[in-house]
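Structure first, commentary second.
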Amino acid sequence: SGNANTAAASSASFSIDTLPPTSYSGTVIDGYVFNATVFYDADGDFVLDPGEVFTTTDDQGAFKLTGYTETAQGQIVVAAGGIDTETGNAVGKLAAPLDSDGTGVVTSFTLLLALNPGLTETDLKVSLGIPLSVDLNDLDPIAALNSGDPAAAAIGETVFAAQQQIFTVIQAISTASAGS
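One point on numbering: in the numbering used here, the residue at position 25 of the sequence shown is 1124, and numbering is uninterrupted.
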């Protein structure tokens, strides 16, 4: 009887230690961000450390990370330096908490949510006048703008305009911090 409990405990421990690697697919959006380094930040320090899985975005901002194991503090981080395909400008660092379905967007909104664990998505939407039905972790506002659906385009326009305002504030803070 004691051996059965020990075997069960060992079996449970073994399965936890050998969790399969996880994957995450997403899109980096300021406009679509090309050639950005995206990584799974296992320790939550916003730095690409040796052993952390990374990839690069394509010309539509799309990426797929594979082969990492989720950690409690893990998140998706985009290193500074990718290029906004709308403006040609370099984009600063971005981040996103992991979305439970393994897909999502990385935007100024998801950066705010990653940096401020006490900030809820609902609070952010209310403060920016974004409909509560919009999922900020999944909505691609550029695709919505180009969808041909007037309702989706209106939501895309609202979200994209608010994202650009947030990017402007983040860039101003970064510039001011760098100068001090």
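A virtual CB, placed ideally from N, CA and C, is assigned to each residue, including glycine.
According to DSSP, is residue 1232 part of a helix, a strand, or is it coil?
Residue mapping note: residue 1232 aligns to position 133 of the sequence shown, counting from 1. When secondary structure is reduced to three states using DSSP, residue 1232 falls in the coil class, being assigned neither helix nor strand.
With respect to the alpha helix (DSSP H) encompassing residue 1145, which residues constitute its N-terminal and C-terminal limits?
Residue mapping note: residue 1145 aligns to position 46 of the sequence shown, counting from 1. DSSP places residue 1145 in no alpha helix (DSSP H); its state is neither H nor E.
So the beta strand (DSSP E) residue 1163 belongs to, where does it begin and stop?
Mapped onto the sequence shown, residue 1163 falls at position 64. For residue 1163, the enclosing beta strand (DSSP E) has its first and last residue at 1161-1167.
With residue 1209 as the anchor, note down where its beta strand (DSSP E) starts and where it stops.
Counted from its first residue, the sequence shown places residue 1209 at position 110. Where residue 1209 is concerned, there is no enclosing beta strand (DSSP E), although the alpha helix (DSSP H) it sits in stretches over 1207-1214.
Inter-residue spacing [alpha-carbon to alpha-carbon] between residue 1238 and residue 1124
Taking the sequence shown and counting its residues from 1, the one referred to as residue 1238 is at position 139. Taking the sequence shown and counting its residues from 1, the one referred to as residue 1124 is at position 25. Their Cα atoms are separated by approximately 13 Å.
Could you compute how far the alpha carbon of residue 1223 sits from the alpha carbon of residue 1209?
In the sequence shown, counting from the first residue as 1, residue 1223 sits at position 124. In the sequence shown, counting from the first residue as 1, residue 1209 sits at position 110. Each residue's CA atom was taken as its position, placing residue 1223 and residue 1209 some 10 Å apart.
Where residue 1172 falls, given that 16 or more other Cβ within 10 Å makes a residue buried
By 1-based counting over the sequence shown, the position of residue 1172 is 73. It counts as exposed.
Cβ pair residue 1194, residue 1136 closer than 7 Å:
Taking the first residue of the sequence shown as 1, we reach residue 1194 at position 95. Taking the first residue of the sequence shown as 1, we reach residue 1136 at position 37. Between residue 1194 and residue 1136, the gap from beta carbon to beta carbon reaches 7 Å or more.
What are the boundary residues of the alpha helix (DSSP H) that residue 1227 is part of?
Working through the sequence shown from its first residue, we reach residue 1227 at position 128. Per DSSP, residue 1227 belongs to the alpha helix (DSSP H) from 1220-1227.
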